[in-house]
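Each residue of the sequence shown is one higher than the one before, counting from 3 in this note's numbering. In this text, a Cβ means the ideal position worked out from N, Cα and C, and glycines have one as well.
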Amino acid sequence: MIETTEKRRTTQHIGAAGELLVQYQLLKLGIDSARLTTDAGIDLVVYAPASGGATTVQVKTVERSMPAGGRGRLAIGWNFPHETPAQLMAFTLLETDQVWLFRIKEAQQIAQQHTTSGVRRLYWYTDPETPQRDGVPLLQADMANFLLAKRAPLLFPR
3 MIETTEKRRT TQHIGAAGEL LVQYQLLKLG IDSARLTTDA GIDLVVYAPA
53 SGGATTVQVK TVERSMPAGG RGRLAIGWNF PHETPAQLMA FTLLETDQVW
103 LFRIKEAQQI AQQHTTSGVR RLYWYTDPET PQRDGVPLLQ ADMANFLLAK
153 RAPLLFPR
């Protein structure tokens, strides 16, 4: 019996794919970065030529949109620690090769769920027909200004 590709993918594969996606998109913008092999809350170090400094990034990845609550409209979401040594959070969606980039404080403020154990959850609906009232719930279109292609030139000036 031949295993399907989906069965062979592990959380490590998914995480590595997200990190490489961030690196790829940064490289397309002429921005260098390096992956770290230790699991200490920092996945990438990005070099900003204008400042001559390095910025740390934690990457969180999901493969695809899923029905909210198991039966609702399609949504994506990521858990991340409230306390992290990284300066930025990158959230990736592999099915569309999209990356959103946030300063830590931004991610903490926008995250809709917070647990007493220090975990936050940031999510939004990918279904554009999801009804909103006063901007709630968040839709993927609401997050366009956080896409890596828009944020990276501001965060890593050349």
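Between S53 and G71, what straight-line distance do the alpha-carbon atoms span, to the nearest angstrom? Whole-angstrom Cα-Cα distance: 44 angstroms.
Can you give me the C-alpha to C-alpha distance between A202 and R153, rounded to a whole angstrom? The structure shown does not extend to residue 202, since the chain is modelled only from 3 through 160, so no value can be given for it.
Less than 8 angstroms between the C-beta atoms of T58 and A50, yes or no? No, Cβ-Cβ distance for T58 and A50 is not below 8 angstroms.
Whole-angstrom distance between K107 and Q60, CA atom to CA atom: Taking the straight line from one Cα to the other gives about 13 angstroms.
So what's I106 in DSSP terms, helix, strand or just coil? Secondary structure of I106 (DSSP, three-state): helix.
Is F148 helix, strand or coil when you go by DSSP? DSSP places F148 in the helix class (H, G or I) of the three-state scheme.
If you follow the alpha helix (DSSP H) that L22 is in, where does it begin and where does it stop? Bounds of the alpha helix (DSSP H) holding L22 are 13-30.
Pick out whichever of A151, T12, V121 has its Cα sitting closest to the Cα of E65. If we check each option's Cα against that of E65, T12 comes out closest.
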